[in-house]
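Encoded as structure tokens, the structure appears first; notes follow it.
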Amino acid sequence: MNLKTKIGKLVLQNPILVASGCFGYGEEYAPLLDLSRLGGVVTKGISLKPRPGNSPPRLAETPAGLLNSIGLENVGVDRFVEDKLPFLRKQKACVIVNIFGESLGEYRKLAEIFNDIDGIAGLEINISCPNVERGGLEFGLKPDSTRKVLETVRGKTSLPILAKLSPNVTDIVEIARAAMTGGADGLTLINTLKGMAIDVNTRRPKLARVIGGLSGPAIRPVAVRMVYEVARKLSVPIIGAGGIDSTEAALEFFIAGARAVQIGTGLLIDPRLPLTIGRELAGYLDNQGLKDIESLVGNMLIEKSKRRKE
Amino acid sequence: MNLKTKIGKLVLQNPILVASGCFGYGEEYAPLLDLSRLGGVVTKGISLKPRPGNSPPRLAETPAGLLNSIGLENVGVDRFVEDKLPFLRKQKACVIVNIFGESLGEYRKLAEIFNDIDGIAGLEINISCPNVERGGLEFGLKPDSTRKVLETVRGKTSLPILAKLSPNVTDIVEIARAAMTGGADGLTLINTLKGMAIDVNTRRPKLARVIGGLSGPAIRPVAVRMVYEVARKLSVPIIGAGGIDSTEAALEFFIAGARAVQIGTGLLIDPRLPLTIGRELAGYLDNQGLKDIESLVGNMLIEKSKRRKE
Amino acid sequence: MVMQLSRCPISKNQVIAPGYFLMEIESPEIAGEAEPGQFVMIKTRDGLEPLLRRPLSLHRISSTSIELLYQVIGKGTQSLSRTRPGEFLDLLGPLGKPFPLPKSNSGSTLLVAGGMGIAPILALAEKIAKRSKVLPAPRLRQAGKGQRSRAPLKIHLLYGAKNKANLVRIKEFQKLGVEVKTVTEDGSAGRKGLATNLLRESLVSSPGQISAVYACGPRPMLKSVARIMKNKKIPLYLSLEEMMACGMGACLGCSVRAKGKEIHYLRVCQDGPVFETGEIVL
Amino acid sequence: MVMQLSRCPISKNQVIAPGYFLMEIESPEIAGEAEPGQFVMIKTRDGLEPLLRRPLSLHRISSTSIELLYQVIGKGTQSLSRTRPGEFLDLLGPLGKPFPLPKSNSGSTLLVAGGMGIAPILALAEKIAKRSKVLPAPRLRQAGKGQRSRAPLKIHLLYGAKNKANLVRIKEFQKLGVEVKTVTEDGSAGRKGLATNLLRESLVSSPGQISAVYACGPRPMLKSVARIMKNKKIPLYLSLEEMMACGMGACLGCSVRAKGKEIHYLRVCQDGPVFETGEIVL
Ligand SMILES: Cc1cc2nc3c(=O)[nH]c(=O)nc-3n(C[C@H](O)[C@H](O)[C@H](O)COP(=O)(O)OP(=O)(O)OC[C@H]3O[C@@H](n4cnc5c(N)ncnc54)[C@H](O)[C@@H]3O)c2cc1C
Ligand SMILES: Cc1cc2nc3c(=O)[nH]c(=O)nc-3n(C[C@H](O)[C@H](O)[C@H](O)COP(=O)(O)OP(=O)(O)OC[C@H]3O[C@@H](n4cnc5c(N)ncnc54)[C@H](O)[C@@H]3O)c2cc1C
Ligand SMILES: Cc1cc2nc3c(=O)[nH]c(=O)nc-3n(C[C@H](O)[C@H](O)[C@H](O)COP(=O)(O)O)c2cc1C
Ligand SMILES: Cc1cc2nc3c(=O)[nH]c(=O)nc-3n(C[C@H](O)[C@H](O)[C@H](O)COP(=O)(O)O)c2cc1C
Ligand code: FES
Ligand code: FES
Numbered sequence: 004m005n006l007k008t009k010i011g012k013l014v015l016q017n018p019i020l021v022a023s024g025c026f027g028y029g030e031e032y033a034p035l036l037d038l039s040r041l042g043g044v045v046t047k048g049i050s051l052k053p054r055p056g057n058s059p060p061r062l063a064e065t066p067a068g069l070l071n072s073i074g075l076e077n078v079g080v081d082r083f084v085e086d087k088l089p090f091l092r093k094q095k096a097c098v099i100v101n102i103f104g105e106s107l108g109e110y111r112k113l114a115e116i117f118n119d120i121d122g123i124a125g126l127e128i129n130i131s132c133p134n135v136e137r138g139g140l141e142f143g144l145k146p147d148s149t150r151k152v153l154e155t156v157r158g159k160t161s162l163p164i165l166a167k168l169s170p171n172v173t174d175i176v177e178i179a180r181a182a183m184t185g186g187a188d189g190l191t192l193i194n195t196l197k198g199m200a201i202d203v204n205t206r207r208p209k210l211a212r213v214i215g216g217l218s219g220p221a222i223r224p225v226a227v228r229m230v231y232e233v234a235r236k237l238s239v240p241i242i243g244a245g246g247i248d249s250t251e252a253a254l255e256f257f258i259a260g261a262r263a264v265q266i267g268t269g270l271l272i273d274p275r276l277p278l279t280i281g282r283e284l285a286g287y288l289d290n291q292g293l294k295d296i297e298s299l300v301g302n303m304l305i306e307k308s309k310r311r312k313e
Numbered sequence: 004m005n006l007k008t009k010i011g012k013l014v015l016q017n018p019i020l021v022a023s024g025c026f027g028y029g030e031e032y033a034p035l036l037d038l039s040r041l042g043g044v045v046t047k048g049i050s051l052k053p054r055p056g057n058s059p060p061r062l063a064e065t066p067a068g069l070l071n072s073i074g075l076e077n078v079g080v081d082r083f084v085e086d087k088l089p090f091l092r093k094q095k096a097c098v099i100v101n102i103f104g105e106s107l108g109e110y111r112k113l114a115e116i117f118n119d120i121d122g123i124a125g126l127e128i129n130i131s132c133p134n135v136e137r138g139g140l141e142f143g144l145k146p147d148s149t150r151k152v153l154e155t156v157r158g159k160t161s162l163p164i165l166a167k168l169s170p171n172v173t174d175i176v177e178i179a180r181a182a183m184t185g186g187a188d189g190l191t192l193i194n195t196l197k198g199m200a201i202d203v204n205t206r207r208p209k210l211a212r213v214i215g216g217l218s219g220p221a222i223r224p225v226a227v228r229m230v231y232e233v234a235r236k237l238s239v240p241i242i243g244a245g246g247i248d249s250t251e252a253a254l255e256f257f258i259a260g261a262r263a264v265q266i267g268t269g270l271l272i273d274p275r276l277p278l279t280i281g282r283e284l285a286g287y288l289d290n291q292g293l294k295d296i297e298s299l300v301g302n303m304l305i306e307k308s309k310r311r312k313e
Numbered sequence: 070m071v072m073q074l075s076r077c078p079i080s081k082n083q084v085i086a087p088g089y090f091l092m093e094i095e096s097p098e099i100a101g102e103a104e105p106g107q108f109v110m111i112k113t114r115d116g117l118e119p120l121l122r123r124p125l126s127l128h129r130i131s132s133t134s135i136e137l138l139y140q141v142i143g144k145g146t147q148s149l150s151r152t153r154p155g156e157f158l159d160l161l162g163p164l165g166k167p168f169p170l171p172k173s174n175s176g177s178t179l180l181v182a183g184g185m186g187i188a189p190i191l192a193l194a195e196k197i198a199k200r201s202k203v204l205p206a207p208r209l210r211q212a213g214k215g216q217r218s219r220a221p222l223k224i225h226l227l228y229g230a231k232n233k234a235n236l237v238r239i240k241e242f243q244k245l246g247v248e249v250k251t252v253t254e255d256g257s258a259g260r261k262g263l264a265t266n267l268l269r270e271s272l273v274s275s276p277g278q279i280s281a282v283y284a285c286g287p288r289p290m291l292k293s294v295a296r297i298m299k300n301k302k303i304p305l306y307l308s309l310e311e312m313m314a315c316g317m318g319a320c321l322g323c324s325v326r327a328k329g330k331e332i333h334y335l336r337v338c339q340d341g342p343v344f345e346t347g348e349i350v351l
Numbered sequence: 070m071v072m073q074l075s076r077c078p079i080s081k082n083q084v085i086a087p088g089y090f091l092m093e094i095e096s097p098e099i100a101g102e103a104e105p106g107q108f109v110m111i112k113t114r115d116g117l118e119p120l121l122r123r124p125l126s127l128h129r130i131s132s133t134s135i136e137l138l139y140q141v142i143g144k145g146t147q148s149l150s151r152t153r154p155g156e157f158l159d160l161l162g163p164l165g166k167p168f169p170l171p172k173s174n175s176g177s178t179l180l181v182a183g184g185m186g187i188a189p190i191l192a193l194a195e196k197i198a199k200r201s202k203v204l205p206a207p208r209l210r211q212a213g214k215g216q217r218s219r220a221p222l223k224i225h226l227l228y229g230a231k232n233k234a235n236l237v238r239i240k241e242f243q244k245l246g247v248e249v250k251t252v253t254e255d256g257s258a259g260r261k262g263l264a265t266n267l268l269r270e271s272l273v274s275s276p277g278q279i280s281a282v283y284a285c286g287p288r289p290m291l292k293s294v295a296r297i298m299k300n301k302k303i304p305l306y307l308s309l310e311e312m313m314a315c316g317m318g319a320c321l322g323c324s325v326r327a328k329g330k331e332i333h334y335l336r337v338c339q340d341g342p343v344f345e346t347g348e349i350v351l
């Protein structure tokens with residue numbers, strides 16, 4: 004079964020990627036799974052300068068979910084290019100670099116730097132991280148600033164660019180449209196929902212930073228809905244993410260309209276999940292009498308009479 | 004232990020209420036629990052005319068969550084007042100009527116009608132239902148329309164009014180502020196998150212209406228976060244709701260800043276949950292050396308150094 | 070009809086066919102109130118997985134216990150299947166409207182079951198059989214004959230399943246004097262076909278009057294039964310399934326469209342699960 | 070150090086004290102690679118509850134199996150406690166950096182354990198004891214004496230727990246020739262006090278040179294141990310716990326602040342869980 008998929012001009016050998024922040028820079032997981040067999044490796048968010056990240060505790064478990072407030076800890080672009088990228092290249096991974104800036108200027112600079120570097124398949128523009136004080140989510144909450152970030156990056160790179168959007172908005176379609184207008188080749192939907200949890204015995208927040216980002220199966224219905232809303236209103240290439248913990252979960256995203264998926268929290272629990280899903284996906288297509296991914300994307304059956312009522 | 008709490012001018016004998024839509028009009032649950040022992044009974048959303056609701060299937064289970072698309076099926080205000088309210092009164096329930104309109108005019112009319120009726124403790128203004136075509140969520144997504152609905156209701160009733168807000172917004176604080184400006188006595192946070200799920204074997208959406216409202220433990224971190232954000236920025240009385248399935252879960256809301264809580268999905272699973280929580284809440288206060296609910300509300304301990312980083 | 074919410078001990082939980090379990094739960098309170106056609110909502114496991122209770126029909130009702138017959142489908146029934154005698158389950162019930170009994174105590178009553186639809190049918194058959202022993206059959210045209218010779222109510226089970234292994238509990242029906250006819254979709258037992266084929270034949274061949282028809286099974290089967298019985302002026306009772314949350318009429322989640330021009334819904338859990346064919350749109 | 074991801078059979082899972090379990094898992098692959106101080110991440114049950122794997126230290130390492138010692142705290146350890154021999158568990162490991170062994174093979178090594186901190190300490194004691202039997206102790210000042218009379222490395226366990234029932238595995242240490250001192254917070258066994266009291270005393274009373282101190286226990290105990298050992302020029306190794314998701318260095322969730330003016334974090338799972346006292350801010 005041919006599992007090739009295309010996100011704008013980004014061609015992926017299969018549609019199962021690993022999500023930013025859950026795969027480090029690939030080194031840790033390499034002993035467990037062959038990076039060259041992934042549809043793509045999205046790196047931990049990279050910023051211009053190294054970032055230490057937030058105070059611990061940075062993790063809390065919630066019902067079917069995970070709260071994190073890592074705060075974009077990363078080695079910075081220089082060390083990434085020098086120390087981390089060569090490894091990913093050697094593993095023959097399809098590398099998508101997730102970038103994050105505190106200002107338009109930083110996004111511009113990062114785009115410039117990566118435009119000149121070989122061995123990168125695309126950039127994912129993170130305008131949706133809830134765990135930082137400046138930049139991040141701020142940009143992704145308004146259509147205007149979303150468009151501007153994308154324009155800025157677009158102006159400096161010929162690489163395929165994906166806009167990674169936040170679910171913490173009233174109208175995801177509006178933000179999606181702005182990102183595409185700004186020059187995105189595709190969208191990654193969704194980053195984490197803002198959430199918090201409290202240890203009632205100590206009366207302290209479970210995260211030192213109080214509020215963090217909620218991921219995992221708990222948020223899947225929200226993620227699938229956003230993919231569906233955007234896919235139905237705009238005809239743009241979407242990579243779905245949010246709570247994929249099984250082949251069935253991944254399939255929901257394809258049927259809702261995604262051309263590829265990313266696995267985050269699911270990977271932390273089962274490092275081999277992407278390969279399992281890849282394998283089972285082919286079987287599913289066979290069973291359903293579908294010849295490729297393309298014919299599955301957005302192929303949801305709705306009774307006409309009911310669709311009217313939506 | 005005195006569990007009395009106040010939401011503006013609304014005085015509740017205890018802070019554990021049942022949420023709208025999960026308790027019908029009280030008749031079904033009366034054999035299992037004494038309605039007079041609840042902090043309050045929030046009725047199923049009542050509209051001017053009876054509403055049939057949406058096509059089935061209307062329910063789907065998701066990881067630690069429940070999707071519903073009931074669509075505000077209700078008997079309409081006339082039959083409610085004639086057939087349903089007398090029962091609630093007879094049970095000595097503290098009745099809060101949840102009202103829903105498709106236009107400002109309908110909200111106004113409903114407020115007028117209920118202002119003249121005895122045996123109602125307050126109104127909850129639903130501007131956050133994701134399951135209807137007109138009205139509902141539309142009003143609750145913008146500060147302007149939120150304020151207008153509240154002003155309209157405020158103009159016609161002297162009853163305490165609660166604004167029930169939607170989590171499907173970029174900035175909950177902004178909406179909360181608008182509701183209070185409009186004349187709300189307090190806020191109910193939160194209604195359901197918009198979500199969907201797909202049966203991958205049939206490739207059909209699990210809900211006939213495709214998109215529904217997500218409730219249950221899955222959304223608790225989002226609900227607690229919104230209560231916290233609003234409580235910290237505005238000093239307004241809040242009733243928390245969203246995924247309360249245990250005493251610990253209820254406590255998170257109080258510590259985050261709620262003066263009362265509502266139980267929805269948790270009640271569908273365990274009809275006696277509100278009484279259990281009421282009982283255990285008193286024990287918790289004792290253990291923590293707190294003398295009443297008031298001293299628990301918003302009483303979260305944060306290290307100063309960390310708070311700075313929020 | 071008083072519903073109970075209580076933790077009850079399991080006294081039996083055994084496989085009776087691949088993937089089919091028979092469970093007995095001790096609960097004089099529920100058993101004392103329960104009628105055939107009603108169901109219970111079970112919290113199959115503490116915690117979030119699954120979140121909701123699961124509805125299961127009363128398969129048999131004794132004075133102190135109830136029996137459930139269930140098929141392992143997903144998480145809920147899976148965790149049920151792993152419980153052991155002695156453990157406790159959190160039950161809510163009995164819920165819903167029971168099957169009305171046939172008005173007449175003579176002639177034939179047809180019970181149509183498809184697949185797991187067999188579950189509530191045994192309790193119904195037991196109740197009808199019991200009543201027909203207690204109440205005398207009405208006098209036949211040839212009056213004056215002894216009680217013995219009066220033609221009693223005859224119960225016919227028309228039972229279809231996927232395959233032989235899925236045809237369960239037949240002996241229990243036979244012990245009651247029920248005449249059992251079976252079909253399977255793959256022809257591995259009885260004839261190949263659907264329960265509705267049996268129904269069509271029975272309507273033709275049935276000797277006396279048919280007092281009532283009861284059907285429980287997948288929605289397409291129920292539709293087909295309703296179509297076959299249309300205009301026959303024989304009471305037809307259908308037991309429906311729908312996704313449920315509260316199981317007691319409060320959440321309005323388990324709707325089925327009511328007959329009538331105006332759109333209006335009934336609750337399967339509270340207005341049903343047993344409906345007369347004229348009440349609903351299938 | 071190659072980590073494995075595999076389903077391994079449980080060979081033992083028994084209560085050894087109220088709420089304390091000892092589990093043995095067959096895994097030649099993990100056992101073959103494992104070193105004291107390392108840990109495994111276990112999916113305690115399929116499904117969502119709990120969602121994440123749980124980290125448990127290697128309590129003992131044989132050639133074909135590993136032992137875990139755990140306390141039932143919440144959902145994860147609860148469902149572990151319900152597993153039975155013969156069932157399989159999904160394990161990822163060995164993970165993290167092991168305890169460095171004492172540089173010298175003579176003098177005393179102090180092992181400080183608080184509560185469940187005892188878990189990784191047994192594996193460490195076994196390894197040190199084994200090595201000290203294999204390697205000769207270095208010559209003492211009075212050279213010329215036979216091997217026999219050389220003063221071998223002496224291992225001291227300084228072990229504190231809440232109460233008597235929570236003091237576990239003492240015999241296993243004694244079998245190794247470890248000198249065990251215990252205290253309890255409530256005085257129900259040994260003296261009343263904390264493990265750190267024992268440490269203070271040992272520093273005074275200890276005969277020979279102290280080659281290294283190892284500590285595992287709650288954060289306040291570790292802080293206190295670090296304070297006591299400050300400027301003592303004795304290597305101090307601390308085994309830390311932090312909430313973990315991946316357990317292998319990828320998610321950056323399990324941070325501990327590194328020493329230094331600039332804010333910088335280390336990963337407990339990958340850079341630790343064993344740290345030298347100078348590396349981190351407790
Ligand atoms: C009134 C009634 C009586 C029933 N009696 C029996 C019986 O006697 N024996 C038997 O084997 N089955 C019976 N069922 C069906 C049984 O409830 C489902 O098979 C069971 O809930 C499946 O749960 P699961 O977790 O194993 O599977 P899941 O994988 O969770 O669900 C599989 C399918 O079961 C149905 N289902 C799941 N949850 C519910 C719910 N809360 N309410 C209704 N349907 C649900 C849905 O259609 C779902 O797609 C009855 C259903 C109803 C409504
Ligand atoms: C490296 C390491 C080694 C450990 N070794 C042992 C051991 O040998 N024996 C033992 O009894 N305990 C050990 N622990 C602690 C053990 O991991 C927790 O007790 C266990 O995870 C609790 O899970 P639970 O679901 O039972 O309880 P929960 O109710 O889920 O959690 C209770 C508390 O346990 C901690 N915890 C929960 N999940 C995690 C997680 N994924 N990572 C880290 N901490 C968590 C949190 O502080 C939480 O508040 C170790 C922890 C670490 C980090
Ligand atoms: C521990 C952790 C770290 C993350 N770091 C990043 C990040 O650096 N950049 C980013 O764009 N998203 C980050 N995310 C978000 C994920 O990439 C993903 O969008 C989100 O978690 C939803 O998918 P999931 O439910 O499969 O985890 C992180 C998520 C987690 C759980
Ligand atoms: C079946 C169902 C019906 C609901 N109907 C209403 C309604 O009529 N009006 C309303 O304001 N909220 C309604 N809600 C939302 C709940 O009142 C509550 O705000 C939400 O479910 C979150 O709380 P929970 O997680 O405890 O259920 C409904 C929720 C459910 C699950
Ligand atoms: S399941 Fe709630 S009304 Fe039927
Ligand atoms: S737990 Fe993921 S980096 Fe340590």
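Residue numbers (the working numbering), protein chains in the order written: chain A, 4 to 313; chain B, 4 to 313; chain C, 70 to 351; chain D, 70 to 351. Just so you know, even glycine gets a beta-carbon here, dropped at the ideal spot from N, CA and C. This one's a predicted model, so the numbers in the text were calculated from it and none came from an experiment.
Helix, strand or coil: which one does DSSP assign to Gln-339 (chain C)? Against the third sequence, residue 339 (chain C) aligns to sequence position 270. Assigned with DSSP and collapsed to three states, Gln-339 (chain C) falls in coil, not helix or strand.
Helix, strand or coil for Ile-190 (chain D), going by three-state DSSP, please let me know. In the fourth sequence, the residue the question calls residue 190 (chain D) occupies position 121. Reduced to three states, the DSSP call for Ile-190 (chain D) is helix.
DSSP state of Asn-235 (chain C) mapped onto helix, strand, coil: Counting from one through the third sequence, the residue named residue 235 (chain C) turns up at place 166. Correct three-state label for Asn-235 (chain C): helix.
Between Glu-297 (chain A) and Gln-147 (chain C), what straight-line distance do the alpha-carbon atoms span, to the nearest angstrom? Taking the first sequence and counting its residues from 1, the one referred to as residue 297 (chain A) is at position 294. Taking the third sequence and counting its residues from 1, the one referred to as residue 147 (chain C) is at position 78. Those two C-alpha atoms are separated by around 35 Å.
Could you name the residues of the region 114-129 of chain C whose beta carbon sits closer than 7 Å to any beta carbon of chain D, in the order they occur along the chain? When CB distances to chain D are screened at a threshold of 7 Å, the residues of the region 114-129 of chain C falling below it are Gly-116, Leu-117 and Glu-118, in chain order.
Taking 7 Å as the limit between beta carbons, can you name the residues of its chain near Gly-27 (chain A), skipping five residues before and five after? Residue 27 (chain A) sits at position 24 when you count from the first residue of the first sequence. By the criterion of a C-beta distance shorter than 7 Å, Gly-27 (chain A) is surrounded in its chain by Lys-47, once the five residues flanking it on both sides are discounted.
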